[in-house]
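Notes follow the structure.
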Amino acid sequence: MAALLGRLCRKLVFPGTTHGAKRLSTSACESDTVKSLNLYSAINQALHIALETDPRSYVFGEDVGFGGVFRCTTGLAERFGKNRVFNTPLCEQGIVGFGIGLAAMGNRAIVEIQFADYIYPAFDQIVNEAAKFRYRSGNQFNCGGLTIRAPYGAVGHGGHYHSQSPEAFFCHVPGIKVVIPRSPREAKGLLLSCIRDPNPVVFFEPKWLYRQAVEEVPEHDYMIPLSEAEVIKEGNDITLVGWGAQLTIMEQACLDAEKEGISCELIDLKTLLPWDKETVEASVKKTGRLLISHEAPVTGGFGAEISATILERCFLKLEAPVSRVCGLDTPFPLVFEPFYMPTKNKILDAIKSTVNY
Amino acid sequence: MAIWFARSRNIVSSLRQNLGLSKILFKRDYSHRPVFKNSQLSSTVFLGPVKSLRHESTAVEKQPDLVQLSDEEDAQLELDFPGGKVGYTSEMKFIPESSSRRIPCYRVLDEDGRIIPDSDFIPVSEKLAVRMYEQMATLQVMDHIFYEAQRQGRISFYLTSVGEEAINIASAAALSSDDVVLPQYREPGVLLWRGFTLEEFANQCFGNKADYGKGRQMPIHYGSNRHNYFTVSSPIATQLPQAAGVGYSLKMEKKNACAVTFIGDGGTSEGDFHAGLNFAAVMEAPVVFICRNNGWAISTHISEQFRSDGIVVKGQAYGIRSIRVDGNDALAVYSAVRSAREMAVTEQRPVLIEAMTYRVGHHSTSDDSTKYRAADEIQYWKMSRNPVNRFRKWVEDNGWWSEEDESKLRSNTRKQLLQAIQAAEKWEKQPLIELFNDVYDVKPKNLEEQELGLKGLVEKRPQDYPPGFHV
Numbered sequence: 001m002a003a004l005l006g007r008l009c010r011k012l013v014f015p016g017t018t019h020g021a022k023r024l025s026t027s028a029c030e031s032d033t034v035k036s037l038n039l040y041s042a043i044n045q046a047l048h049i050a051l052e053t054d055p056r057s058y059v060f061g062e063d064v065g066f067g068g069v070f071r072c073t074t075g076l077a078e079r080f081g082k083n084r085v086f087n088t089p090l091c092e093q094g095i096v097g098f099g100i101g102l103a104a105m106g107n108r109a110i111v112e113i114q115f116a117d118y119i120y121p122a123f124d125q126i127v128n129e130a131a132k133f134r135y136r137s138g139n140q141f142n143c144g145g146l147t148i149r150a151p152y153g154a155v156g157h158g159g160h161y162h163s164q165s166p167e168a169f170f171c172h173v174p175g176i177k178v179v180i181p182r183s184p185r186e187a188k189g190l191l192l193s194c195i196r197d198p199n200p201v202v203f204f205e206p207k208w209l210y211r212q213a214v215e216e217v218p219e220h221d222y223m224i225p226l227s228e229a230e231v232i233k234e235g236n237d238i239t240l241v242g243w244g245a246q247l248t249i250m251e252q253a254c255l256d257a258e259k260e261g262i263s264c265e266l267i268d269l270k271t272l273l274p275w276d277k278e279t280v281e282a283s284v285k286k287t288g289r290l291l292i293s294h295e296a297p298v299t300g301g302f303g304a305e306i307s308a309t310i311l312e313r314c315f316l317k318l319e320a321p322v323s324r325v326c327g328l329d330t331p332f333p334l335v336f337e338p339f340y341m342p343t344k345n346k347i348l349d350a351i352k353s354t355v356n357y
Numbered sequence: 358m359a360i361w362f363a364r365s366r367n368i369v370s371s372l373r374q375n376l377g378l379s380k381i382l383f384k385r386d387y388s389h390r391p392v393f394k395n396s397q398l399s400s401t402v403f404l405g406p407v408k409s410l411r412h413e414s415t416a417v418e419k420q421p422d423l424v425q426l427s428d429e430e431d432a433q434l435e436l437d438f439p440g441g442k443v444g445y446t447s448e449m450k451f452i453p454e455s456s457s458r459r460i461p462c463y464r465v466l467d468e469d470g471r472i473i474p475d476s477d478f479i480p481v482s483e484k485l486a487v488r489m490y491e492q493m494a495t496l497q498v499m500d501h502i503f504y505e506a507q508r509q510g511r512i513s514f515y516l517t518s519v520g521e522e523a524i525n526i527a528s529a530a531a532l533s534s535d536d537v538v539l540p541q542y543r544e545p546g547v548l549l550w551r552g553f554t555l556e557e558f559a560n561q562c563f564g565n566k567a568d569y570g571k572g573r574q575m576p577i578h579y580g581s582n583r584h585n586y587f588t589v590s591s592p593i594a595t596q597l598p599q600a601a602g603v604g605y606s607l608k609m610e611k612k613n614a615c616a617v618t619f620i621g622d623g624g625t626s627e628g629d630f631h632a633g634l635n636f637a638a639v640m641e642a643p644v645v646f647i648c649r650n651n652g653w654a655i656s657t658h659i660s661e662q663f664r665s666d667g668i669v670v671k672g673q674a675y676g677i678r679s680i681r682v683d684g685n686d687a688l689a690v691y692s693a694v695r696s697a698r699e700m701a702v703t704e705q706r707p708v709l710i711e712a713m714t715y716r717v718g719h720h721s722t723s724d725d726s727t728k729y730r731a732a733d734e735i736q737y738w739k740m741s742r743n744p745v746n747r748f749r750k751w752v753e754d755n756g757w758w759s760e761e762d763e764s765k766l767r768s769n770t771r772k773q774l775l776q777a778i779q780a781a782e783k784w785e786k787q788p789l790i791e792l793f794n795d796v797y798d799v800k801p802k803n804l805e806e807q808e809l810g811l812k813g814l815v816e817k818r819p820q821d822y823p824p825g826f827h828v
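Structure, rendered in structure tokens:
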């Protein structure tokens with residue numbers, strides 16, 4: 001087990017920063033300072049900036065007061081006070097309901113659900129209330145100031161209830177947005193966009209990357225636009241689409257594929273709802289092949305939505321069926337995690353079979 | 358804002374005189390003794406007040422100890438635990454599942470509309486009393502006419518507040534217009550009080566172009582930001598934790614206002630009831646929770662809903678001050694809500710009110726309650742325990758209302774309603790674009806595509822679609 005963890009616990013550094021820096025949505029001056037940060041620190045920075053720039057913003061959830069179980073909320077209570085940064089009782093439906101009430105009064109409620117695995121008690125509040133708040137009131141009311149943050153995804157030892165990827169449930173709900181960052185720099189900019197977006201947003205943070213991912217993150221206040229996918233690696237033979245921690249695995253598969261002469265185009269979807277169909281469509285029209293990879297179980301996963309849409313739009317351009325390399329249709333297992341996961345080699349095999357179809 | 362009370366006396370003895378009149382359907386035997394060996398169970402465990410309730414402020418009556426300690430020496434020794442010091446006893450004693458006596462119900466008017474001697478209550482001026490009565494009667498007429506309109510097929514759905522007019526109007530009258538109301542769905546009287554017109558009610562029921570909700574929800578799902586009345590949603594109790602958040606916001610903004618939220622007896626079984634009360638208490642949010650205990654959740658009687666002494670006893674479990682009030686007594690409801698509101702705002706804390714009442718009407722137009730309850734039970738409450746008649750008697754006894762006023766009000770309101778319905782029915786429909794707006798603040802690409810697609814479809818096959826929805 002230790003060996004397994006050792007293999008999995010490599011520090012992941014993101015070399016694409018200078019390339020990525022060009023894609024910053026806000027104009028950044030050349031002399032802007034950057035700092036090497038991991039994911040939880042980048043998120044922490046975003047939260048500090050959010051609370052600093054809007055005095056009517058609040059951060060709350062279980063254990064956020066002392067800094068949170070993943071340290072994302074470190075220093076906030078000390079800096080902004082317990083009236084704005086506070087622990088809540090252990091009750092997800094209460095946390096989100098309370099957040100909706102705050103947001104409905106024009107505040108920014110940045111709510112933390114301790115693990116995405118525990119978001120379900122709040123599902124009613126999210127789906128029946130938050131998502132429909134503006135629509136059902138004829139735009140007299142809205143809870144756009146609500147942002148729900150939750151750590152999601154495999155962590156190596158999480159089992160059923162500390163590893164889930166529930167994004168697909170939420171992508172089926174008109175009225176909310178679903179955003180998943182792939183790296184520290186992306187997380188900070190995307191989270192600030194989510195917080196400031198006038199719609200309720202669910203922001204899933206890949207917990208695997210909280211410490212593992214380190215990247216140069218600009219220290220200033222910047223936002224990365226929602227509903228804009230990014231081509232993080234250009235290629236010609238096959239398009240790969242993913243989000244969150246899975247992208248680092250896909251990136252490695254792409255590098256391996258390149259050694260075998262296959263040119264891969266890798267797209268980070270970032271926002272799953274509403275998702276950027278145009279970018280994926282343009283890419284698949286160029287490459288003629290699509291592979292989607294996510295940790296969540298394959299059946300009914302968000303990959304199915306992407307596959308169906310691309311099929312509708314790019315049918316005649318496709319050289320092969322759309323491939324999905326995803327989690328198995330089982331509860332997330334503990335000892336079987338290495339078998340369950342959509343690994344680099346599973347993706348590499350799928351790339352090759354798609355290209356050789 | 359000084360609140361003064363009429364002559365105070367022992368409320369308990371006053372209430373005892375009147376308890377004989379009440380016919381509570383919920384039958385429970387509170388006299389049983391649990392069986393334990395070798396124990397000296399205290400039989401004096403109770404939750405209610407026994408001492409005289411003379412008070413001149415909104416200070417809480419000191420509750421007697423929950424458990425009487427039998428061993429004095431043990432009582433002096435205390436243990437430290439997270440949560441503070443707690444005394445200990447070597448006598449093993451379980452707190453009974455219920456107290457020997459139910460929490461009494463606060464009331465001011467007897468069934469004949471006369472003020473019970475020596476009642477505590479906040480006096481109501483003639484102007485206020487007449488307005489309250491008029492609105493209660495208006496609500497009755499509105500409910501009757503809209504119900505009939507549904508029966509005639511003119512609107513798709515309706516639910517009445519018959520029997521609960523006092524809760525609706527008296528609570529609204531006790532609040533300030535800045536207090537933010539989060540209703541369940543049987544509180545249109547609160548909106549009526551605040552100035553929502555009969556035309557505006559009709560527009561929502563017809564979902565026409567003038568409906569502020571833009572025709573998106575079923576009838577009775579009113580909402581008005583102008584009147585600080587959050588839009589009704591069908592899921593039960595979801596508004597309760599939201600009310601805690603609203604209250605907290607008002608507290609942080611230092612507003613002289615509170616959140617007021619309503620729930621039925623059935624709704625208190627939902628997890629959101631627990632969530633809402635607990636959050637409001639922990640966050641010390643100014644929220645008034647008003648539970649309309651009307652005995653029925655569709656066909657489920659309260660005996661199938663909980664095993665506690667109603668809802669009022671649950672407040673203490675959350676550290677929330679609570680009161681049980683006769684929900685059919687407009688003056689009692691007014692006083693209780695007014696006091697609760699003051700406490701909530703000045704002390705920045707939640708308060709729970711359980712208003713006892715009866716749902717005279719069916720659950721909704723989709724329900725026929727004679728299928729699960731006796732028709733004469735319904736009749737009894739409709740005729741003998743009618744909150745509107747009861748308040749009317751008091752108002753008339755004061756010389757503030759007459760038979761002439763009554764018939765004028767009812768016929769005028771009826772006329773106005775029929776006109777409002779006719780107008781609402783003829784009003785233009787919502788434009789088709791409103792199907793796609795407001796899902797988000799700005800329409801996303803997928804909705805733009807779907808809107809285009811649907812427009813094309815409607816142009817191609819107009820006969821497939823209801824007429825009048827302009828593209």
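Quick note, the sequences are listed as chains A and B, same order. Using my numbering, count along the first sequence one by one with no gaps and you end on 357. Using my numbering, count along the second sequence one by one with no gaps and you end on 828. All residues carry an ideal CB built from backbone N, CA and C; glycine is no exception.
Check                                                                                                                                      : Outcome
Residue range of the beta strand (DSSP E) that includes proline 824 (chain B)                                                              : Per DSSP, proline 824 (chain B) belongs to no beta strand (DSSP E) and is neither H nor E.
Helix, strand or coil at serine 581 (chain B) according to DSSP, with G and I counted as helix                                             : strand
At least three beta-carbon pairs within less than 8 Å, the region 275-285 of chain A to the region 307-319 of chain A                      : yes
Beta-carbon proximity check, valine 241 (chain A) vs isoleucine 224 (chain A), cutoff 8 Å                                                  : no
Local conformation of aspartate 686 (chain B) per DSSP, three classes                                                                      : coil
Reduced DSSP secondary structure (H/G/I, E/B, other) of aspartate 349 (chain A)                                                            : helix
Start-to-end residues for the beta strand (DSSP E) that takes in serine 518 (chain B)                                                      : Here serine 518 (chain B) belongs to no beta strand (DSSP E), and DSSP marks it neither H nor E.
Between the CA atoms of threonine 239 (chain A) and methionine 341 (chain A) - distance to the nearest angstrom                            : 20 Å
8 Å Cβ cutoff, glutamate 30 (chain A) in contact with chain B                                                                              : At glutamate 30 (chain A), the pLDDT of 46 sits below 50, so the modelled position is not reliable; the number obtained from the coordinates is stated separately. No, because no Cβ of chain B sits closer than 8 Å to the Cβ of glutamate 30 (chain A).
Cβ pair valine 127 (chain A), valine 111 (chain A) closer than 8 Å                                                                         : no
Rounded separation between asparagine 142 (chain A) and proline 453 (chain B) - CA only                                                    : 46 Å
Beta carbon proximity, arginine 698 (chain B) to chain A, threshold 8 Å                                                                    : no
Nearest candidate by alpha-carbon position, reference aspartate 117 (chain A), set A:Tyr152, A:Leu37 and A:Lys352                          : A:Tyr152
Sequence-distant residues of its chain with Cβ nearer than 6 Å to histidine 160 (chain A) (five each side left out)                        : Pro331 and Phe332
Sheet register partners of isoleucine 110 (chain A) (DSSP bridge)                                                                          : A:Val59 and A:Thr147
Sub-8 Å separation of asparagine 139 (chain A) and aspartate 535 (chain B) beta-carbons                                                    : no
Methionine 609 (chain B): contacting residues in chain A (beta-carbon distance under 7 Å)                                                  : Asn83
Nearest neighbour of glutamine 212 (chain A), chosen from A:Glu234, A:Gly244 and A:Tyr357 [CA to CA]                                       : A:Gly244
CB-CB length for phenylalanine 558 (chain B) against tryptophan 784 (chain B), believed under 8 Å                                          : Wrong, their Cβ atoms sit about 13 Å apart, outside the cutoff.
7 Å Cβ cut-off: residues of chain B touching asparagine 107 (chain A)                                                                      : Ser606
CA-to-CA distance, arginine 716 (chain B) to threonine 727 (chain B), given in whole angstroms                                             : 12 Å
Any chain A beta carbon closer than 8 Å to phenylalanine 636 (chain B)                                                                     : yes
Interfacial residues, the region 135-146 of chain A to chain B, with Cβ spacing under 7 Å                                                  : Tyr135, Arg136, Ser137, Gly138, Asn139, Gln140, Phe141 and Gly144
7 Å Cβ cut-off: residues of chain B touching isoleucine 100 (chain A)                                                                      : Gln599 and Gly602
Rounded separation between glycine 301 (chain A) and cysteine 264 (chain A) - CA only                                                      : 23 Å
Under the three-state DSSP convention, the category methionine 575 (chain B) falls into                                                    : coil
Contact list for the region 121-132 of chain A against chain B, Cβ threshold 8 Å                                                           : Pro121, Asp124, Gln125, Asn128, Glu129 and Lys132
Exposure of glutamine 125 (chain A), with buried meaning 16 or more beta-carbon neighbours within 10 Å                                     : buried
Chain-order list of residues whose beta-carbon lies under 7 Å from that of leucine 76 (chain A) (same chain, five-residue window excluded) : Leu47, His48, Leu51, Val59 and Val85
Cutoff 7 Å; reference lysine 800 (chain B); Cβ partners in own chain excluding five residues on either side                                : Phe793 and Asn794
For proline 121 (chain A) and glutamate 62 (chain A), the rounded distance between their alpha carbons                                     : 14 Å
Every unbroken alpha helix (DSSP H) inside the region 602-660 of chain B [4 residues or more]                                              : 628-639
Same chain, Cβ closer than 7 Å to valine 69 (chain A), neighbours up to 5 away in sequence not counted                                     : Asp63 and Gln114
Where isoleucine 835 (chain B) falls: helix, strand or coil (DSSP)                                                                         : Because chain B is modelled from 358 through 828, residue 835 (chain B) falls outside the range shown and cannot be assessed.
Pick from B:Arg464, B:Leu434, B:Ser447 and B:Gly520 that is closest to glutamine 736 (chain B), judged by C-alpha positions                : B:Gly520
Three or more C-beta pairs below 8 Å linking the region 622-639 of chain B and the region 678-690 of chain B                               : no
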